[in-house]
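Heads up, the thing below is written out as structure tokens.
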Amino acid sequence: ELPMAMRFRKLQEHAKEAVGVYRSKIHGRGLFCKRNIDAGEMVIEYAGEIIRSLLTDKREKYYESKGIGCYMFRIDDCEVVDATMHGSAARFINHSCEPNCYSKVIQVDGRKHIVIFAMRPIKKGEELTYDYKFPIEDVKIPCTCGSKRCRKYLN
Amino acid sequence: WSAFAPDFKELDENVEYDERESEFDLEDE
Amino acid sequence: QVLLSMHDRAPQLKLSDDRLTVTGEKGYSMIRASHGVVSGQWFYEVTIDEMQEPTATRIGWSQSLGNLQAPCGYDKFSYSWRSRKGTRFHQSHGYHYCDGGYGEGDVLGFFVSLPVPA
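Protein chains in written order, with this note's numbering: chain E, 16 to 170; chain H, 1250 to 1278; chain U, 51 to 168.
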């Protein structure tokens, strides 16, 4: 019920108490809940390096050439958060076709931030997941979320 | 967890990337 | 009157009230003039008011499709001359153009000769 900016400042202090990175059945490592989280609660910021959109292609090619998995999240038409080499634990959040979290871009003190929110109450020990909403493409990436309503492919 | 990814740096908040003068260049003289 | 364009530019650039001076900071981005040319021979001059190390400029000619969130000379739509080393750029390839570059206080001239379209 507090204003978004105030909630965000509190999040920066307390995010590490709520979430942690552990082995995931979905894919390698994932983001997990360390205490019960309420529906609508701010969970963690998807923090990283803020880069201009035009630089994403070049970075993607570089990461691919090094065999590094790419972790980017679009803020808006102009900017992207690149958490590949510098980021918060949110970069480990896995996709699910039945997610328990969603993302939102919020503005605090004139700066934009991508924040992960809980869609519903989440119990301690649950993996936090989010719907990546990849654009549809011809070359399909299989989905390993294992949910009942799995769409089979990420894209 | 950051120990699992070499050269990875954990951040508490966003960092604005400082572009180099040659950031966009494919090739320089 | 040809001036720096209010709208045909990257929004983060600071334009003076008289639209004759532009100031940039951080990464490269572009501003174009209020008017373009189609054919014939055209020339314009620029004075570098302020450009301390390690900042740099790339100035030249651009078509309307040239990307504004990149330096002039980034894609196939623009051509530029860089202050550092005096390199010329097109499609993000830098070629040697002259020895040394230009700096604060210099007056630069840019000429283009375009054929009459068929």
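Each residue gets a CB set at the ideal place from its N, CA and C atoms; glycine is no exception. Only a predicted model underlies this, so the values are computations on that prediction, with no experimental measurement involved.
Could you give the distance in angstroms between the alpha-carbon of E/K119 and the alpha-carbon of E/D92?
Near 15 Å, if we compare the C-alpha coordinates of E/D92 and E/K119.
Opposite E/K119 in the DSSP bridges: which residues?
Beta bridge pairing from DSSP links E/K119 with E/V130.
Does the Cβ-Cβ distance between U/T107 and H/E1278 come in under 8 Å?
no
Compare the beta carbon distance of E/F7 and E/V154 with 8 Å and say whether it is the shorter of the two.
Absent from the model: residue 7 of chain E. The displayed extent of chain E is 16 to 170, so no value can be given.
Tell me whether E/T159 sits in a helix, a strand or coil according to DSSP, three-state version.
The answer is coil: DSSP assigns E/T159 none of H, G, I, E or B.
Can you tell which of E/R106, E/R89, E/M100, E/N115 has the C-alpha that lies nearest to the C-alpha of E/N51?
E/N115
Which residue wins for smallest C-alpha separation from E/S68, given the options H/L1275, H/E1268, H/D1261?
H/E1268
So U/S128 packs on U/S112, CB below 8 Å; how close in whole Å?
4 Å
Let me make sure I understand the geometry here. Which of U/R59, U/H85, U/V87 has the alpha-carbon closest to that of U/S79?
U/R59
Since U/R132 sits in a beta bridge, which residues does DSSP pair it with?
U/R108
Any contact of the stretch 154 to 166 of chain U with the stretch 103 to 112 of chain E, i.e. 3+ C-beta pairs under 8 Å?
The stretch 103 to 112 of chain E and the stretch 154 to 166 of chain U do not touch, with fewer than three beta-carbon pairs separated by less than 8 Å.
For the beta strand (DSSP E) containing U/F161, name the first residue and the last one.
157 to 164
Could one say the Cβ of H/E1265 lies closer than 8 Å to chain C's Cβ atoms, at least one of them?
The structure shown contains no chain C; its protein chains are E, H and U.
Use the C-beta contact count for E/R126: other C-beta atoms within 10 angstroms, 16 or more gives buried, fewer gives exposed.
By the 10 Å Cβ count, E/R126 comes out exposed.
Can you tell me which of U/Q102, U/L53, U/G90, U/G77 puts its alpha carbon nearest to the alpha carbon of U/G155?
U/Q102
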